[in-house]
Structure formats: C-alpha cells, structure tokens
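Trainee:
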Amino acid sequence: METVEAAMAEEEAKKSKMRKKGGFRTMPFIFANEVAEKLAVLGFTTNMLMYLTRQLHMPLAKAATTLTNFGGVSAMTPLIGAFLADSLVGRFWTIAAASLIYQVVRIHIHARTHARTPPRRAELTGAFVFAWQGMLLLTVSAAMPVFRPPPCSGAGGAGACEEAAPWQLAVLYAALLLNALGAGGYRPCVVAFGADQFDESEAAERARTWGFFNWYYFCNGASQLVAVTAVVYVQDNVGWGWGLGVPTFCMAVSVVAFVAGYPLYRRLHPSGSPFTRLAQVVVAAVRKRRVPTDADDAAALYENDDMDAPISLYGKLVHTEQLSFFDRAAIVTDGDLTTDTSNGKPSSSPIPKPWRLSTVHRVEELKSLLRMGPIWAAGILVITAYSQQHTFALQQASTMDRRLAPGLSSFQIPAGSMTVFTLLAMLTTLLAYDRVLVPLARRVTGLDRGISYLHRMGVGFAISVAATLVAGFVERHRRESAAAAGTTDAGTSPLSAYWLVPQYALHGMAEAFNSVGHLEFMYDQSPESMRSMATALFWLSISLGSYVSTMLISAVHRWSAGADGSNWLPDNINRGRLDYFYWIVALLQVLNLAYYAICARCYLFKPLQLREVDHDAKPQIELQEKASPLSH
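In structure tokens:
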C-alpha cells in the first residue's frame, strides 16, 4: 500500500511541475509549426496531378492512382512514428530530433547540389530526413529538364506525347516514397502533443482540449488556403522549380517555429510498447480460454495500481462486461504470480508474469481499441469520396471556363486552386460551429462541446453523401454542355468552373464536422498511453480511404471497358461517364451512413476512474461515467 501511495505522490509531483508549463501559451508555436508544415505539404501535393499529366505525360487514370497510392502510404507510415513516440522517445522528441536533422540534411544536400562546400556529416537519423530529401529531390527533378520527357509535339503541344522513361518515374516514386516516410514522424505526434498541453486532471483544462481540436483544424485549413492559391499560382505561372522550392523553404520554417517553444511545452514521458501490452493480454486470455469466468465477480480480477501508474497518469480504466473473453487475462491462476529475487531478497508483494496475467486496466485498453474499431472504419469511405477532389474534380476544372470574372477579366483560376472553395467552406463552418452552434447546442445538451463527437461525425457523413451526389449531377451538366458546344473531342467545356463550387463547399463542410469529430473521438476514447497511436489510426483511415479509391477506380475501369476500348474514366472525360462513378461512390456512402448509425447507437464509451485534483485537499477520485453517446 505504501508503494502505491509513494507512486501516486511521485506522479502528483510530476504533474504539479508540468502544470507550470503548457496551456494556451504554447499554441502559437504549435500552430505556427502546423501552418508552415501544412503549407509545405499542400503546396507539394495540391497541384501534383497537373504535374504528372502535363509534365510527365502520365495517363489520367495512372496519375490518379499514383497520387492516391502516395496518399495511402503517407497515411500509413504514422503507425511507425506513433510506436516510437508512445513507447520509446516521446512525442516531443519524435518531432524535435527529426526537426534538427532537417537542418543538417538541408545543408548537406544543398552543399552537394551546388558543389560549393564539403558536405556536413549528419550524426543523427530520423523520419524527417526522408521528407526533406523527398521534397528536395522532387524540386530538383522539376527544375531540371533531364528528369522530364520532351514536350509534346505539334502546335501548342497538341500532338503526340512521350511518357516519362522508367528511370524518370523511378526518381518520382523515390521522392514520393521519401516524403511518405517523413510524414510518419510528424503526423501522429503533432495533434496529440498539442492536446497534451492541457492538463486532463483539471476540469477546466479538459474543456479547453476540445477547443484545441477546432482551432488546430482551423489553422490547418488556413495554411491549405494559402497553398492552393499562392503556391499553385507560382507552379502554374512561374515554374515548377520555384513552385516546389517554396514548400521546401516552408518546411524549414516549421522546424524553427516548433523548437522555439521548447521551454514552455509539457512533455509526457513514453510508457513502453503498447503493442507488447496488447499482445500480452491476448496471449494470457488465450492461455486461459478454458478457465470459467464469473461476470458478477469483477472484484476478483487482478488489479495493480503500482504497475499501471505510468500508463494511467490521469486515471485508470475500470471493468466493463463487453468482450468478456479477454477478462480471462486478469484472472489469477496458479503460477501467474512470482516474487522478485533479483536483489537477493524476495519482493514485498508478488509480481505478475506479464504473458500470463494482466491487470484490468490493461485488459480494458485492448477492449477500448476493439470497441473503437467499427466507428473508426466508418470514416474510410468519406476519405474515398473526398479524395476525388484532387483527381477527377481537378480534371473537371481543367476542362471548364475558369475565368475569374467572365466578360470582365481574362484571368483564369488555376485548376488546382479550385479547392479554395472547400477550404473557405471548412473555415467558415469551423468558425460558425465554435461561435454559434456550440453555445446554442450547449443550452440543450449541457455538454461543454455542444454536441457529442459521434453526432458531429454523423452530420459530416450525411453532408459528404450530398456532396458526391451533387458532383455527379454537375458532371452530367458539364459533359452535356461540351456536347452542345461541339467541344467533346477537344476535351473542354464552355461551362463555368463555378458550377463546381457547391460540391467543393459541401466537402469542406463535411470535413469540418467529420474530420474534427473523428480526431476528438480517437483522442478521447483511446487509452491514455496510446494517443499517438490513436492519431496514427486516424491517418490510417485516410490511407485505407485512398486505397479504396484506387481499387474502385481500377474496378470501374475494368467493368466499364467496351469492345472499342472506351470506358467511364478515359483521359478525355467528355467521352466518359464520370457521373456514374460519382453515383457509385454515393451509393456506397449511403450504406456506410446506415452502418455508422448502428455502430454509434451501440457504442459503449470507455469507463474511466478519473483522478481529479483539488489544490486545497488530497487528490479526489471521480468515476467518469460514459454510458451512452448522448452523454458525450
């Protein structure tokens, strides 16, 4: 008992020290880092379809597949970064150490590229080496003609086009892969690290955490807005060398912004491999699969507050009846406990053998992740629909009349900048949500965040369905306009690109509801010691959504192929049936929405015994009940 009290006292001392740091004063550094990093990444990817089709002469379907695969890999690599952050080095050092390497590698590669000074030796290694090298490699390949095929023959480049050589494509794929690996070191940590700046042991601080998610996404959207306007304009009108060089510079700025806030950050320590703990629960439960359980005797299950203290800083998970098979891992049987004699003397209390016996808290960690699975999976098809903005919707825009003010100005909006309407809608929705909807909803629901994140995600799902349906009808109108004007073979349409604004805006509104709600859900419902992993799972859903898009495009290509070689998604979309493709996606989304409604209705929130701190007294223990979606 004294050991437990000593451990709790030590944890309270650590938290008292951390309370002097963190809070809103760290947000300028974290948000500045996010704005600069996102400006770099979005400036790099937003207009990439145009680069692949116009500079490397890739067929449209191949270019779309390449980008969705790149997006998928970029969203999957955060699992690696999350593992390192949660188990070994912590979230701050996962970002900071790699950021320092950014500077070393930047000088190293810059020196080698210009051959002016001997290269400096990098003594550290990290994920962001890959991102910087990949971004610089693509910048160099865009600036030097040798990395691209010759221009298309004929007047105005309207003749035959030679596709990029295999070695040129290899350079492209290497650059994209290095950037994807670099993303794994940043994406899973920055959101969780920002939320870590608020002390969950204080009710007021917990309430501020949910405001952080809104403002994080707002800054994210603002940086994207600059990327799809200013950076895309440079790419289209100045050159791809400068257009990719600007994002490369912004990546360096993000490093400086993050490191500058070091003295103010709250930095939580890693607590060991979460994968190992989860595996231990599974192995122990399987070993005891024939051991009978008593659902009414949860008190007999093994608990060890001393052992769980490092992974339950703010509170511990209590027993739930769902997924009761895994409760066997916490049943004490002969041979599960041992005494530590490593120092020559037996320990004062028995120690569990981790592959034979787990605590209730560790069992509930696994249960929490399993319960989150169905809700998490529902977000995949939303990304499938959203990813079409950067492929087929971009191709639609490139064929339409993109004059800013038809009849008054000849200035054309770059096709890659059409996503500005998505971002404006997302930013407007986030502001309205935070300043209008939340105060109104709070009066009805009594929740600090206005509505539950499950409701918020559901609204996003419904709006996303509407966006895809609208996209199908607009595409039919665009194609009919091209036929009426006789421009079908030319691959253009006289229809104004402003017809695409509704679908772009609806996607922005859907993202403001669904993505922020999804992030809140993953952060709040994940075990405390696995929050980088939870953020990585959010990115994994994006990865799978991109891959589903790739498979769907490939399947439609195959199923819609005609004897004459035609299909629904040809390079000249005037001769295709892109509207049919959109409606297939919409149908899948309707089914997904029904699935989500069932999962949300049945979801059981994790029950947390929250350690609430009273500064004038001893720590209080409060049971945080989360029995239904309406209570959260």
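Going by the working numbering, the first residue of the sequence shown is number 953, and it counts up by one from there. Ideal Cβ placement from N, Cα and C applies to all residues, glycine included.
Look at the Cβ atom of residue 1461, then the Cβ atom of residue 1377, and state whether they are nearer than 9 Å.
Mentor: Within the sequence shown, numbered from 1, the residue matching residue 1461 stands at position 509. Within the sequence shown, numbered from 1, the residue matching residue 1377 stands at position 425. Their beta carbons are under 9 Å apart, which means residue 1461 touches residue 1377 by this criterion.
Trainee: With C-beta atoms as the reference, is residue 1451 less than 9 Å away from residue 1426?
Mentor: Against the sequence shown, residue 1451 aligns to sequence position 499. Against the sequence shown, residue 1426 aligns to sequence position 474. Contact flag set, yes.
Trainee: Rounded to the nearest angstrom, what separates residue 1054 and residue 1202 at their Cα positions?
Mentor: Counting from 1 along the sequence shown, the entry for residue 1054 is found at position 102. Counting from 1 along the sequence shown, the entry for residue 1202 is found at position 250. Confidence in residue 1054 is poor, its pLDDT being 40 and thus under 50, which makes the residue's placement too unreliable to answer from.
Trainee: In terms of alpha-carbon separation, which member of 1531, 987, 1491 and 1007 lies closest to residue 1116?
Mentor: Locating residue 1116 in the sequence shown gives position 164, where the first residue counts as 1. Of the listed residues, the one whose Cα sits closest to residue 1116 is 1007.
Trainee: Starting from residue 1290, follow its DSSP beta bridges and name the residues at the other end.
Mentor: The count along the sequence shown starts at 1 and reaches residue 1290 at position 338. In DSSP, residue 1290 forms a bridge with 1303.
Trainee: Have a look at residue 974 and residue 1554 and give me their C-alpha separation to the nearest angstrom.
Mentor: Residue numbering aside, residue 974 sits at position 22 when the sequence shown is read from its first letter. Residue numbering aside, residue 1554 sits at position 602 when the sequence shown is read from its first letter. Computed Cα separation, rounded: 36 Å.
Trainee: At a cut-off of 8 Å, is residue 1322 close to the ligand GTP when judged by its beta-carbon and the heavy atoms of the ligand?
Mentor: Of the ligands one can find in the structure shown there are none, so the ligand GTP has no counterpart to examine.
Trainee: How would you label residue 976, buried or exposed, when you count the other beta carbons within 10 angstroms and need 16 or more for buried?
Mentor: In the sequence shown, the residue the question calls residue 976 occupies position 24. With fewer than 16 Cβ atoms within 10 Å of its Cβ, residue 976 is classed as exposed.
Trainee: Would you check if the distance between the CB atom of residue 1453 and the CB atom of residue 1373 is smaller than 9 Å?
Mentor: Counting from 1 along the sequence shown, the entry for residue 1453 is found at position 501. Counting from 1 along the sequence shown, the entry for residue 1373 is found at position 421. The answer is yes: Cβ separation under 9 Å.
Trainee: Would the segment 1140-1159 count as touching the segment 978-987 if we require 3 or more Cβ pairs under 8 Å?
Mentor: Contact holds: three or more Cβ-Cβ distances are below 8 Å.
Trainee: Considering only the beta carbon of each residue, do residue 1431 and residue 1445 sit closer than 9 Å?
Mentor: For the purposes of this step, residue 1431 is taken as the residue at position 479 of the sequence shown. For the purposes of this step, residue 1445 is taken as the residue at position 493 of the sequence shown. Their beta carbons are under 9 Å apart, which means residue 1431 touches residue 1445 by this criterion.
Trainee: Who does residue 1353 pair with in a DSSP beta bridge?
Mentor: Along the sequence shown, one-based indexing puts residue 1353 at 401. According to DSSP, which records beta bridges pairwise, residue 1353 is partnered with 1448.
Trainee: Using the three-state DSSP reduction, which class does residue 1149 fall into: helix, strand or coil?
Mentor: Counted from its first residue, the sequence shown places residue 1149 at position 197. The answer is coil: DSSP assigns residue 1149 none of H, G, I, E or B.
Trainee: May I ask you to list the residues that DSSP assigns as paired with residue 1364?
Mentor: For the purposes of this step, residue 1364 is taken as the residue at position 412 of the sequence shown. For residue 1364, which the question treats as bridged, DSSP gives the partners 1355.
Trainee: Give every residue of the same chain whose Cβ lies closer than 8 Å to the Cβ of residue 1121, excluding the five residues on either side of it in the sequence, and list them in chain order.
Mentor: In the sequence shown, the residue the question calls residue 1121 occupies position 169. Closer than 8 Å at the Cβ level, and outside the excluded window around residue 1121, lie 1008.
Trainee: Helix, strand or coil for residue 1326 per DSSP?
Mentor: For the purposes of this step, residue 1326 is taken as residue 374 along the sequence shown, with counting starting at 1. Looking at residue 1326 - three-state DSSP - the assignment turns out to be helix.
Trainee: In whole angstroms, what is the alpha-carbon distance linking residue 1283 and residue 1306?
Mentor: Counted from its first residue, the sequence shown places residue 1283 at position 331. Counted from its first residue, the sequence shown places residue 1306 at position 354. Taking the straight line from one Cα to the other gives about 12 Å.
Trainee: Quick one, which of 1442, 1314, 1473 and 1480 has its alpha-carbon nearest residue 1403's?
Mentor: For this step, residue 1403 is matched to residue 451 along the sequence shown. Ranking 1442, 1314, 1473 and 1480 by Cα distance to residue 1403 puts 1473 first.
Trainee: Decide if the segment 1159-1173 is in contact with the segment 1233-1241; the criterion is three or more beta carbon pairs, one per stretch, under 8 Å apart.
Mentor: No: the two stretches stay apart, fewer than three of their Cβ pairs being nearer than 8 Å.
Trainee: Please report how far the alpha carbon of residue 929 lies from the alpha carbon of residue 1499, in whole angstroms.
Mentor: Because the chain in this structure spans residues 953 to 1584, residue 929 falls outside the shown range and cannot be described.
Trainee: Where does residue 1217 sit, in a helix, a strand or coil, going by DSSP?
Mentor: As a working mapping, residue 1217 is identified with position 265 in the sequence shown. Looking at residue 1217 - three-state DSSP - the assignment turns out to be coil, as it is neither helix nor strand.
Trainee: Confirm, please, whether the CB-CB distance from residue 1226 to residue 1479 is below 9 Å.
Mentor: As a first step, residue 1479 is located in the sequence shown; it is residue number 527 there, counting from the start. As a first step, residue 1226 is located in the sequence shown; it is residue number 274 there, counting from the start. Contact flag set, yes.
Trainee: On the DSSP letters alone, give me the boundaries of the alpha helix (DSSP H) that residue 1466 sits inside.
Mentor: To locate residue 1466, count along the sequence shown from 1; it is residue 514. Here the alpha helix (DSSP H) through residue 1466 covers 1453-1477.
Trainee: Got a sec, what are the start and stop residues for the alpha helix (DSSP H) residue 1276 sits in?
Mentor: Residue mapping note: residue 1276 aligns to position 324 of the sequence shown, counting from 1. First-last for residue 1276: undefined, no H or E at that position.
Trainee: With DSSP as the reference, label residue 980 as helix, strand or coil.
Mentor: As a position in the sequence shown, residue 980 is number 28, starting the count at 1. Helix at residue 980.
Trainee: Can you tell which of 1182, 1031 and 1145 has its C-alpha closest to the C-alpha of residue 1218?
Mentor: For the purposes of this step, residue 1218 is taken as the residue at position 266 of the sequence shown. It is 1145 whose Cα lies nearest to the Cα of residue 1218.
Trainee: Can you say whether residue 1366 is buried or exposed, counting buried as having 16 or more other CB atoms within 10 angstroms of its CB?
Mentor: For the purposes of this step, residue 1366 is taken as the residue at position 414 of the sequence shown. When all chains shown are included, residue 1366 counts as buried.
Trainee: Answer yes or no: do residue 1042 and residue 1221 have a C-beta to C-beta separation smaller than 9 Å?
Mentor: One-based indexing of the sequence shown puts residue 1042 at position 90. One-based indexing of the sequence shown puts residue 1221 at position 269. Closer than 9 Å, so yes.
Trainee: Indicate the three-state DSSP secondary structure (helix, strand or coil) for residue 1429 in the structure shown.
Mentor: Stepping through the sequence shown from its first residue, residue 1429 is reached at position 477. Note: residue 1429 maps to helix in three-state DSSP.
Trainee: Which ranges would you report for the alpha helix (DSSP H) in the segment 1482-1551 if only whole runs of at least 4 residues count?
Mentor: Those alpha helix (DSSP H) runs which fall completely within the segment 1482-1551 and span 4+ residues are 1483-1511.
Trainee: Does residue 1214 pass the burial test, meaning 16 or more other C-beta atoms within 10 Å, or should it be called exposed?
Mentor: On the sequence shown, residue 1214 is found 262 positions in, with the first residue counted as 1. Exposed, by the Cβ-count rule.
Trainee: So residue 1320 and residue 1561 are supposed to be a Cβ contact under 8 Å. How far apart are they, rounded?
Mentor: Position 368 of the sequence shown, counted from the start, is the residue given in the question as residue 1320. Position 609 of the sequence shown, counted from the start, is the residue given in the question as residue 1561. With a Cβ gap of about 14 Å, residue 1320 and residue 1561 do not count as contacting.
Trainee: Measuring CA to CA, which of 1546, 1216 and 1344 is closest to residue 1000?
Mentor: By one-based count along the sequence shown, residue 1000 stands at place 48. Residue 1344 is the option with its Cα nearest to residue 1000.
Trainee: Candidates 1331, 1265 and 1519: which alpha carbon is nearest residue 1492's?
Mentor: Along the sequence shown, read from residue 1 onward, the residue named residue 1492 stands at position 540. Here the closest residue by C-alpha is 1331.
Trainee: Helix or strand or just coil, what does DSSP make of residue 1012?
Mentor: The count along the sequence shown starts at 1 and reaches residue 1012 at position 60. Helix, per DSSP.
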